[in-house]
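Engineer: Per our numbering, the sequence shown runs over residues 25 to 206. Cβ coordinates follow ideal geometry from the N, Cα and C atoms, glycine included. All figures in this text were calculated on a predicted structure; none of them were measured in a lab.
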Amino acid sequence: MPDTALLIVDLQSALLIGAHDAEGCLARVAELAGRARAAGVPVVYLRQRVDHPDIPAELLEIHPAVAPQPGDTVLEKDSADSFLGTPLDAVLRERGVRRVVVTGAATEYCVDSTSRSALSHGYDLVLVADGHTTPTRPADSPLPAAAQVLVHHNAVFATIVYPGRTIRVLPAAQVDFTAEPA
Numbered sequence: 025m026p027d028t029a030l031l032i033v034d035l036q037s038a039l040l041i042g043a044h045d046a047e048g049c050l051a052r053v054a055e056l057a058g059r060a061r062a063a064g065v066p067v068v069y070l071r072q073r074v075d076h077p078d079i080p081a082e083l084l085e086i087h088p089a090v091a092p093q094p095g096d097t098v099l100e101k102d103s104a105d106s107f108l109g110t111p112l113d114a115v116l117r118e119r120g121v122r123r124v125v126v127t128g129a130a131t132e133y134c135v136d137s138t139s140r141s142a143l144s145h146g147y148d149l150v151l152v153a154d155g156h157t158t159p160t161r162p163a164d165s166p167l168p169a170a171a172q173v174l175v176h177h178n179a180v181f182a183t184i185v186y187p188g189r190t191i192r193v194l195p196a197a198q199v200d201f202t203a204e205p206a
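#1: Count the C-beta pairs between the segment 151-163 and the segment 127-142 that are closer than 8 Å, then say yes if the count reaches three, no if not.
#2: Work out the CA separation of CYS49 and PRO26 for me, nearest whole Å.
#3: To which residues of the same chain is TYR147 closer than 8 Å at the C-beta, ignoring the five residues directly before and after it?
#4: Determine, using beta carbons only, whether THR127 and ARG61 come nearer to each other than 9 Å.
#5: Within 10 Å of its beta-carbon, does PRO66 have 16 or more other beta-carbons around it, so buried, or fewer, so exposed?
#6: How far does the alpha helix (DSSP H) with VAL74 in it reach, from first residue to last?
#7: Report the three-state DSSP secondary structure of ALA196 (helix, strand or coil).
#8: According to DSSP, is GLN93 helix, strand or coil?
#9: Spatial neighbours of ALA170 within its chain, please: CB distance less than 6 Å, with the 5 preceding and 5 following residues excluded, ordered by chain position.
#10: CB-CB under 6 Å to LEU31, same chain, minus the five flanking residues each way: which ones, in chain order?
#11: My assumption, with CB atoms under 8 Å, is that VAL98 sits in contact with ARG59. Please give the rounded CB distance.
#12: With DSSP as the reference, label ARG119 as helix, strand or coil.
#13: Taking only the alpha-carbon atoms, compute the straight-line gap between PHE107 and GLU118 and give it to the nearest angstrom.
#14: Just how far apart, CA to CA, sit ALA163 and GLY64?
#15: Beta carbon of VAL199, beta carbon of ALA182: below 9 Å?
#16: If you run the structure through DSSP and keep just helix, strand and coil, what is HIS87?
#17: My output table needs one value for LEU40: the three-state DSSP class, helix, strand or coil.
#18: Here's the rule I'm using: 16 or more other beta-carbon atoms within 10 Å means buried, otherwise exposed. How should ALA196 be labelled?
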């Protein structure tokens, strides 16, 4: 996928505390990042700025399991949408990217917003079905369980239509960075 970039959204240690299948997600994203780099595909990290005095600075860094490597790009963001107020679109266009592979946390916030914004900015999308996570909730929470949130978002992106865009939802093992676009 020479016109592709891997986006790793908010996989910061503090944001992964209590997240659903965090270790599994991190392992899959780390493996994807390695395959992307080997294929010459840009790896772009989006890091949420968090201004909370009770969170140690080291926990706001990208989790060591998926730490950026030399040549990767790290962009700071202030909202759920990784394109809003950041140079992400310019970075991608400068590299000739037409398709983004999206991973990260939290599914219903930053992963969803970034995926929709990518489509609105004219990019094709691959949402990595097992490459995003969200916080677990207590059993008595009125919110859906984390696993339900993941299933829901994968189903939405598997059926949503953006004219002129290709949208795929694939497990990490099926993302092929060396294949030409379908």
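Structural biologist: Concretely, from the data shown:
#1: yes
#2: About 24 Å.
#3: LEU116, VAL121, ARG122, ARG123, VAL124 and ARG189
#4: no
#5: buried
#6: Counting along the chain, VAL74 falls outside any alpha helix (DSSP H), and DSSP gives it neither H nor E.
#7: Of the three classes helix, strand and coil, the one that applies to ALA196 here is helix, per DSSP.
#8: Three-state result, GLN93: coil.
#9: HIS44, THR158 and THR160
#10: Cβ neighbours of LEU31 beyond the five flanking positions: VAL68, VAL124 and VAL126.
#11: VAL98 to ARG59, Cβ: 19 Å. No contact.
#12: coil
#13: Cα to Cα, the separation comes out at about 15 Å.
#14: 43 Å
#15: The Cβ atoms of VAL199 and ALA182 lie no closer than 9 Å to each other.
#16: coil
#17: DSSP, reduced to helix, strand and coil, places LEU40 within a helical segment of the structure shown.
#18: By the 10 Å Cβ count, ALA196 comes out buried.
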